[in-house]
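Enquirer:
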Amino acid sequence: MPPAEPRLDHGVVIVGAGPVGLLLGCLLAQGGVDVALCEQRDGDDVRSRAIGIHPPGLAMLDRAGAGAAVRAEALALAGGEVLSRGRVLASLAFPADRPVLVLPQRRTHALLSQRLDRLSPGALRAGCSVSGVRDEGGFVRVRLDAEGRRRELTAAFAVIADGVHSGLRTGLGLGWRRRAGSARYAMADVPDPDVGATALLHCGPGGLVESFPLPGGVRRWVVRAAEDEDVGTAAGFRAAIRVRTGADPAIGSDVVPVAFTARQHVARAPARGRIALLGDAAHEISPIGGQGMNLGWADAGRLDAALRAALADGRADLGDYGRRTLRAARGAQRRSAFYMAMGAPARHGLPLLARELLIRSLGSAPLRPWAAGLVTMRGL
Ligand SMILES: Cc1cc2nc3c(=O)[nH]c(=O)nc-3n(C[C@H](O)[C@H](O)[C@H](O)COP(=O)(O)OP(=O)(O)OC[C@H]3O[C@@H](n4cnc5c(N)ncnc54)[C@H](O)[C@@H]3O)c2cc1C
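Residue -15 is where the sequence shown starts when you use our numbering, and the numbers rise one by one after that.
Now the structure itself:
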C-alpha cells in the first residue's frame, strides 16, 4: 500500500500579502477555501508605488468585495492629455462605464487587508517568513520562520506572490527572462490644491514628464532621467519639469524624489504541479503605463477559478493558468515598452516629428477608442 498522505493544514497557502496575494486570498476565502497567507512584514507596506487602477483591476476588486471601499476613497480620472513642446497632441476621456481610478497603493493594500480580515479572520499571518516550498506530488510543504521558530505547513497548493525579487522563484527553477524596455525615472508626490482630474503626459524632446492627480490635493510627478541628469534632488527634479513642460511646481527642498529603474521580466513557467507564481513574482511590468498590480489582480481572478476547480476534482494541473498569465504579461510588456519609447528623449527633426505624428494619429477620432482601450488595459 502507498504511504497515506498527511491531513493537510490548508487548502492553499499564499506566500506574500502584497496587493495581489491579498486579493487572491479574498477571492479564495469568499469561495469557501481554507487559505493562509504568510507575510514576512510585521507592519504596513508604506512604499510609494502604484496609483492607477484600470477597469480589469477594478472588476477584480469588485469581485473580491473591496471595490466599493476603493471607489469611496479614489479619485476618478476625467481623462488624459499627451503633450509635446507645449501643444496637446492627443486627449482621451475616461467614460463612467470604464473608469480609471487613482489611489495610492498603501490605501488599496489597507482596504484589501481589512476585507480579508472580515472574510477570514486570522488567515493573514504577519511576521511569517517562508524559506522554502516543495511539491510532494499529492500536496505541498511550506517551510517558514515565525516568532523565532521554524515551522512547516502542508496544503494542497502553494501560491508564490512574494514580489519581483522573489527569493522562492529562483529556488524552484521557474526561470526569469528579460523582456524589452528599461529606463531610469524619479517620482515625487507633492501637495497641489489645483490638482484637477486630468493626467498630463509630456512626451517632448527632453524625455517624459508625467503629472497625475491624486486624492486629497496631491500630484504625482514622474520624470524620465536623461543620461547623466540629476533628477534625484528636489532642485534637479524641479528644474527638469520646468525645462521640459514650462510648469514650475512648488516642490520644496525637503522633497526627496524616489528614483527607480523600470525593467521588464517574465517567468518561464508561472505554474508547475501544485505551485503557482502570482503577481510581480510571475512578471515585472514597467511602471510606465501603470499595469503591474492590475495585471496581477487579473491573474488572481484566473488563478482563483483554476485552484477552486482543481480542489474540487483533485487535479493538480494549473497549466492553463500559466499559459494565459504568460500571454497577458507579454501583451502588457509590449504596451509598456511602447509607452516608454514614446517618452524617451528624442532628437529634434524627423525622429521627434514622426513620434508626434504617431501620437496625433492615435488621438484622432477613428483611432481614439482603440487607443483608450490600449491605455485602460482592454483585452489583458
Ligand atoms: C514606482 C512604481 C509605480 C507603480 N505604479 C503602478 C500603477 O500605477 N498601477 C499598477 O497596476 N502597478 C503599478 N506598479 C506596480 C505595482 O506596485 C506592483 O505590480 C505590485 O506591488 C505587485 O504586487 P505583488 O503583491 O505581486 O507584490 P508586492 O507588492 O511586492 O508584495 C510582495 C509581498 O511578499 C512579501 N514577501 C516577500 N518575500 C517573502 C517571504 N519569503 N515570505 C513571506 N512574505 C514575503 C513582501 O514583504 C511583500 O509584502 C508600480 C510600481 C512601481 C515601482
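All C-beta atoms in this analysis are idealised placements derived from N, C-alpha and C, irrespective of residue type, glycine included. If you're wondering where the values come from, they're calculated on a predicted model, not measured in any experiment.
Is any non-hydrogen atom of ligand 1 found closer than 7 Å to the C-beta of alanine 60, if you look at the structure I gave you?
Expert: It does not: the Cβ of alanine 60 is nowhere closer than 7 Å to a heavy atom of ligand 1.
Enquirer: State whether the stretch 135 to 151 contacts the stretch 38 to 54, with contact taken as three or more CB pairs (one from each stretch) at a distance under 8 Å.
Expert: Verdict: no, contact absent.
Enquirer: Would methionine 361 and glutamine 275 be called neighbours here (beta carbons separated by less than 8 Å)?
Expert: For methionine 361 and glutamine 275, yes; Cβs fall inside 8 Å.
Enquirer: Applying the criterion that 16 or more other CB atoms from any shown protein chain within 10 Å of the CB defines a buried residue, is leucine 8 buried or exposed?
Expert: Classification of leucine 8: buried, given that the 10 Å Cβ count is 16 or more.
Enquirer: I want to know whether the stretch 56 to 63 touches the stretch 324 to 336 - three or more CB-CB distances under 8 Å.
Expert: Touching, no, given that fewer than three Cβ pairs across the two stretches are closer than 8 Å.
Enquirer: Among the candidates Arg31, Asp101, Arg163 and Ser32, whose CA atom is the shortest distance from the CA of alanine 266?
Expert: If we check each option's Cα against that of alanine 266, Arg163 comes out closest.
Enquirer: Please state if the CB of proline 3 and the CB of histidine 93 are separated by a distance shorter than 8 Å.
Expert: Against a cut-off of 8 Å, the Cβ pair of proline 3 and histidine 93 comes out as a contact.
Enquirer: Could you please give me the residues that DSSP links to arginine 168 through a beta bridge?
Expert: The partner list for arginine 168 (beta bridge, DSSP) reads Thr245.
Enquirer: Give every residue of the same chain whose Cβ lies closer than 8 Å to the Cβ of glutamine 14, excluding the five residues on either side of it in the sequence, and list them in chain order.
Expert: Only Ala48, Gly49 and Leu103 meet the Cβ criterion.
Enquirer: Under 8 Å by Cβ, that's how I've got arginine 228 and glycine 191 pegged, so tell me the actual separation to the nearest angstrom.
Expert: Contact flag correct, Cβ pair sits at about 7 Å.
Enquirer: Which residue comes first and which comes last in the beta strand (DSSP E) that contains histidine -6?
Expert: Histidine -6 -> beta strand (DSSP E) spans -6 to -1.
Enquirer: Could you pull the start and end residues of the alpha helix (DSSP H) that leucine 11 belongs to?
Expert: Where leucine 11 is concerned, the enclosing alpha helix (DSSP H) stretches over 3 to 14.
Enquirer: I think alanine 218 touches serine 195, with their Cβ atoms under 8 Å apart; what is that distance to the nearest whole Å?
Expert: Actually they are not in contact, since the Cβ atoms of alanine 218 and serine 195 sit about 16 Å apart, beyond 8 Å.
Enquirer: Measure how close the beta-carbons of alanine 251 and leucine 261 come, nearest whole angstrom, since I'm counting them as under 8 Å.
Expert: Contact flag correct, Cβ pair sits at about 5 Å.
Enquirer: Let's see if you can read the secondary structure: which residues bound the beta strand (DSSP E) around phenylalanine 196?
Expert: It spans 193 to 198 - the beta strand (DSSP E) in which phenylalanine 196 sits, taken as one unbroken run.
Enquirer: How would you write the range of the alpha helix (DSSP H) that valine 374 sits in, first residue to last?
Expert: The displayed coordinates of the chain run from -15 to 364. Any statement about residue 374 would go beyond what the structure contains.
Enquirer: Can you tell me which of the three DSSP states proline 40 falls into?
Expert: Here proline 40 sits in helix by DSSP.
Enquirer: Can you tell me whether histidine 93 is helix, strand or coil according to DSSP?
Expert: Correct three-state label for histidine 93: helix.
Enquirer: With a 10 Å radius around its C-beta and 16 neighbouring C-beta atoms as the bar for buried, classify threonine 154 as buried or exposed.
Expert: Exposed: under 16 other Cβ atoms inside 10 Å.
Enquirer: Can you list, in chain order, the residues of its chain with a C-beta nearer than 8 Å to that of leucine 152? Leave out the 5 residues immediately preceding and following it.
Expert: The answer, listed in chain order, is Val(-1), Val114, Gly116, Val117, Ile144, Asp146 and Ala265.
Enquirer: For isoleucine 144, would you say it is in contact with chain D, using Cβ-to-Cβ distances shorter than 8 Å as the test?
Expert: In the structure shown, chain D does not exist; there is a single protein chain.
Enquirer: Measuring only from the beta carbon, is glycine 116 closer than 7 Å to any heavy atom that is part of ligand 1?
Expert: No, the beta carbon of glycine 116 sits no closer than 7 Å to any heavy atom of ligand 1.
Enquirer: So, at 7 Å on beta carbons, what are the nonlocal neighbours of leucine 96 in its own chain, with the 5 sequence-adjacent residues on each side left out?
Expert: These residues qualify, in order along the chain: Pro3, Leu6, Leu7, Cys10 and Ala50.
Enquirer: Once you ignore the five residues that flank arginine 308 on each side, which residues in its own chain have a CB closer than 7 Å to its CB?
Expert: These residues qualify, in order along the chain: Arg286.
Enquirer: How long is the line joining the alpha carbons of alanine 130 and leucine 21, rounded to whole angstroms?
Expert: Cα-Cα distance, rounded: 13 Å.
Enquirer: Which first and last residues belong to the alpha helix (DSSP H) in which serine 345 is found?
Expert: Taken as a continuous stretch (DSSP letters only), the alpha helix (DSSP H) holding serine 345 covers 334 to 346.
Enquirer: Quick check on the burial criterion: 16 or more other C-beta atoms within 10 angstroms. Buried or exposed for alanine 224?
Expert: The residue is buried, with at least 16 neighbouring Cβ atoms inside 10 Å.
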